[in-house]
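If you count the sequence shown from 1, you need to add 559 to reach the working numbering. Every residue, glycine too, gets a C-beta built ideally from N, C-alpha and C.
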Amino acid sequence: MIEKQFFLADEAALLALAERLARLVDGTKGRYQAALTVYLLGELGAGKTTFSRGFIQALGHQGKVKSPTYTLVESYQLGAWQVHHFDLYRLADPEELEFMGIRDYLDSNTIILAEWPQRGAGVLPEPDLKIVIDYVDTSRSLTLGALTTRGRELLDKL
């Protein structure tokens, strides 16, 4: 896995990084016809949902980005992309994803943003990118790891 680390002084910096990544992903649509899966890891309140909000809004969503903590998933049709934002914090068993029809969420034009992905282990697709957000006093440290060729290409451009 190849990694890059970013120091983010505030929420604006976190949103800006999410926007940069979303614009890179959007710019590759013609080149890649496979789904992109991004795992978001970090403690409660670290900024996983904030990152997802910045990413989704950068792809063109105009409204509020709701946390899918209680619904497990919120979906957005954004141009050529179908974005599914999962929050698996309340998931008791990975098999629950099978019962909710996880395979219906996977397509060639799909981006999966998965918070608490370890709770969906064995059922969620393997990630192209893994993002770990940690507290550093009142700031954040973000480690972005690339686990596939596509992930590495995105990371190189970021």
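- Scanning A577, V682 and T697 for the CA closest to the CA of E657 turns up V682.
- In the structure shown, S634 adopts extended strand secondary structure according to DSSP, grouped into three states.
- As for any alpha helix (DSSP H) of minimum length 4 sitting wholly inside the region 604-686, the runs are 607-617 and 654-658, ordered along the chain.
- DSSP, read as helix, strand or coil, puts E602 in coil.
- For S698, the number of other beta carbons within 10 angstroms of its own is below 16, and it is reported as exposed.
- Sixteen is the threshold: when 16 or more other Cβ atoms of the shown chains lie within 10 Å of the Cβ of G613, as they do, the residue is buried.
- Remark: fewer than three beta-carbon pairs, one from each stretch, lie closer than 8 Å, so the region 670-680 and the region 699-707 are not flagged as touching.
- Per the DSSP secondary-structure output, R699 pairs in a beta bridge with L567 and Y694.
- In the structure shown, the three-state DSSP call for T596 is strand.
- By the Cβ rule, the region 618-632 does not count as touching the region 684-700, because fewer than three pairs are nearer than 8 Å.
- As computed with DSSP, A705 is found in a beta bridge with I561 and L688.
- A617 sits buried, since 16 or more C-beta atoms from the chains shown fall within 10 Å of its C-beta.
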